[in-house]
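The structure appears right after this line, and notes come after that.
Protein chains: 2
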Amino acid sequence: MTFAPTELLREANLRVTGPRLAVLAEVEAHPHSTAEAIVEAVRDRLGTATIQSVYHILNALTDAHILRRIEPEGSPGRFELFRDDNHHHLVCRSCGEVSDVACTVGHAPCLTASDDHGYVIDAAEVIFWGTCPSCATQATQTPPTS
Amino acid sequence: MTFAPTELLREANLRVTGPRLAVLAEVEAHPHSTAEAIVEAVRDRLGTATIQSVYHILNALTDAHILRRIEPEGSPGRFELFRDDNHHHLVCRSCGEVSDVACTVGHAPCLTASDDHGYVIDAAEVIFWGTCPSCATQATQTPPTS
DNA sequence: AGCGTATCTATGAGTAATTCAAAAATGCGA
DNA sequence: TCGCATTTTTGAATTACTCATAGATACGCT
Numbered sequence: 030m031t032f033a034p035t036e037l038l039r040e041a042n043l044r045v046t047g048p049r050l051a052v053l054a055e056v057e058a059h060p061h062s063t064a065e066a067i068v069e070a071v072r073d074r075l076g077t078a079t080i081q082s083v084y085h086i087l088n089a090l091t092d093a094h095i096l097r098r099i100e101p102e103g104s105p106g107r108f109e110l111f112r113d114d115n116h117h118h119l120v121c122r123s124c125g126e127v128s129d130v131a132c133t134v135g136h137a138p139c140l141t142a143s144d145d146h147g148y149v150i151d152a153a154e155v156i157f158w159g160t161c162p163s164c165a166t167q168a169t170q171t172p173p174t175s
Numbered sequence: 030m031t032f033a034p035t036e037l038l039r040e041a042n043l044r045v046t047g048p049r050l051a052v053l054a055e056v057e058a059h060p061h062s063t064a065e066a067i068v069e070a071v072r073d074r075l076g077t078a079t080i081q082s083v084y085h086i087l088n089a090l091t092d093a094h095i096l097r098r099i100e101p102e103g104s105p106g107r108f109e110l111f112r113d114d115n116h117h118h119l120v121c122r123s124c125g126e127v128s129d130v131a132c133t134v135g136h137a138p139c140l141t142a143s144d145d146h147g148y149v150i151d152a153a154e155v156i157f158w159g160t161c162p163s164c165a166t167q168a169t170q171t172p173p174t175s
């Protein structure tokens, strides 16, 4: 319940505008939305909105660390509210749906590479690939023809 | 040293062609190459090559599990020889360079999500983000102006 | 070795996702 | 409520990649 979009914007020194609030409301309501889905939601709220503006807003909010962008291979970018909680993602190979998972072993064992090659590592990103319950059910009912 | 491109192709029931051998030679010589870099290398070897053909070849070899495609956010797709060894990647935020890392804790602890949300998980992908040694050195010499 | 055909590559066009540049509109501090 | 910097819109461009089809090539067979 600590979701105060206006203050998030103010704290980042960004102006509070209709389109920005609409984008934030949508991302909060539907995490992991694509830019495409977000424009549509913004249009529902405000009447009009261009995809370019939404991209511009998404970039501004991502730069300000209000949003986080994830981009599973083969999918357009998706956006969620930025949380400093080290969670990871579960992606369905069949429908592309994304879910959150907390990091497996508490805090960070899987965030340490065995050999860092001299890199200064600042983050680890984990993506679990699989099939979501509803796609798994469908696949059982109508197996792929190959 | 056990790199026999011709046999890899034969085993997958694929024809052994100049372009395919050139692509494999390049990926073996420079793992994590982009399609763009690969066409250029193929052109050096064979005289001509179109980017579309290279994409076609890369897709065919990826489907045959001879290559693996990785796509760090913000980067075009990159290709490496497929090895069933569960290794992960280290990506430099500054220059985009990719290095391999063995999975941290042996076999698979970081491959198990704490809560699978009912998904049937078949793979886990880990990307470590950071700064590579040479970019880190440059950054120290000329700090960013902001 | 030569042939025929299925497989592969080249050519040309097209699409999806995203960015860039410049003009019009709007938020908000004074 | 005025002014101006910040935002949004408009319109065009770019990047990474796919699709369709025609032409070329590998390779099993004789």
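Going line by line, the protein sequences match chains A and B.
For any residue, its number in the numbering used here is found by taking its place in the first sequence, counting from 1, and adding 29.
For any residue, its number in the numbering used here is found by taking its place in the second sequence, counting from 1, and adding 29.
Virtual Cβ for every residue (Gly too), placed ideally from N, Cα, C.
Residue i versus residue j - alpha carbon distance
i	j	result
E57 (chain A)	S128 (chain B)	35 Å
I67 (chain B)	V52 (chain B)	7 Å
R112 (chain A)	I80 (chain A)	25 Å
L75 (chain B)	A54 (chain B)	12 Å
H116 (chain B)	V45 (chain A)	44 Å
V155 (chain A)	C121 (chain B)	16 Å
H59 (chain A)	T35 (chain A)	18 Å
N88 (chain B)	A64 (chain B)	11 Å
H136 (chain B)	I150 (chain B)	Only weak support is given to the placement of H136 (chain B): the predicted model assigns it a pLDDT of 42, under 50, and the value that follows is read from those uncertain coordinates. When rounded, the distance between both Cα atoms is 16 Å.
L110 (chain B)	R39 (chain B)	16 Å
P138 (chain B)	A41 (chain A)	Low local confidence applies: a pLDDT of 44 at P138 (chain B) is under 50, so the model's placement there is unreliable, and no value is given.
A131 (chain B)	D114 (chain B)	8 Å
H20 (chain B)	P48 (chain A)	Examination of residue 20 (chain B) is not possible in this model, given that chain B is present from 30 through 175 alone.
Y20 (chain B)	G125 (chain A)	Nothing can be reported for residue 20 (chain B), as the shown portion of chain B is limited to 30 through 175.
L37 (chain B)	C161 (chain A)	33 Å
S123 (chain A)	T166 (chain B)	43 Å
R98 (chain A)	S104 (chain B)	14 Å
H118 (chain B)	G106 (chain B)	13 Å
A93 (chain A)	I86 (chain A)	11 Å
S163 (chain A)	H146 (chain B)	11 Å
T174 (chain A)	V71 (chain A)	Any answer about T174 (chain A) is weak, because its pLDDT of 42 lies below 50 and its placement is not dependable; what the coordinates show is given next. If I take the Cα positions, the gap works out to 40 Å.
Y84 (chain A)	F108 (chain A)	11 Å
T31 (chain B)	L43 (chain A)	57 Å
L96 (chain A)	L90 (chain A)	6 Å
E69 (chain B)	F157 (chain B)	28 Å
E102 (chain B)	E102 (chain A)	8 Å
L50 (chain A)	D144 (chain B)	32 Å
E240 (chain A)	A153 (chain B)	Given that chain A is displayed from residue 30 to residue 175, the structure contains no residue 240 (chain A) and the question cannot be resolved.
Counterpart residues of residue i in DSSP-defined beta bridges
i	result
T160 (chain A)	B:V149
V127 (chain B)	B:V120
I99 (chain A)	A:R107
V155 (chain A)	B:V155
N-terminal and C-terminal residue of the alpha helix (DSSP H) that residue i is part of
i	result
H94 (chain A)	H94 (chain A) -> no alpha helix (DSSP H), and no H or E assigned at all.
R39 (chain A)	34-40
E69 (chain B)	64-75
Listed by chain order, chain B residues near residue i by CB distance under 8 Å
i	result
L119 (chain A)	A142, D145, H146, Y148, I150
Endpoints, beta strand (DSSP E) assigned at residue i
i	result
V45 (chain B)	Unbroken run through V45 (chain B): none, as it is neither H nor E.
R6 (chain A)	Absent from the model: residue 6 (chain A). The displayed extent of chain A is 30 to 175, so no value can be given.
Under 9 Å from the C-beta of residue i: neighbouring residues of chain A
i	result
P162 (chain B)	H146, G147, Y148, V149
Chain-ordered neighbours of residue i on chain A, where CB pairs are closer than 8 Å
i	result
I86 (chain B)	Chain A residues near I86 (chain B): none, gap ~19 Å exceeds 8 Å.
V176 (chain B)	Nothing in the structure corresponds to residue 176 (chain B), since chain B is present only between 30 and 175.
Interface partners of residue i on chain B, CB under 9 Å
i	result
I156 (chain A)	A152, A153, E154, V155, I156
Per-residue contacts from residue i into chain B (C-beta, under 7 Å)
i	result
E100 (chain A)	E102
A64 (chain A)	Simply none; closest approach about 14 Å.
Partner residues on chain A for residue i, Cβ-Cβ distance less than 7 Å
i	result
G159 (chain B)	Y148, V149, I150, D151
A165 (chain B)	V149
Any non-hydrogen atom of the ligand FAD closer than 7 Å to residue i Cβ
i	result
E109 (chain B)	This structure lacks the ligand FAD, and indeed carries no ligand of any kind.
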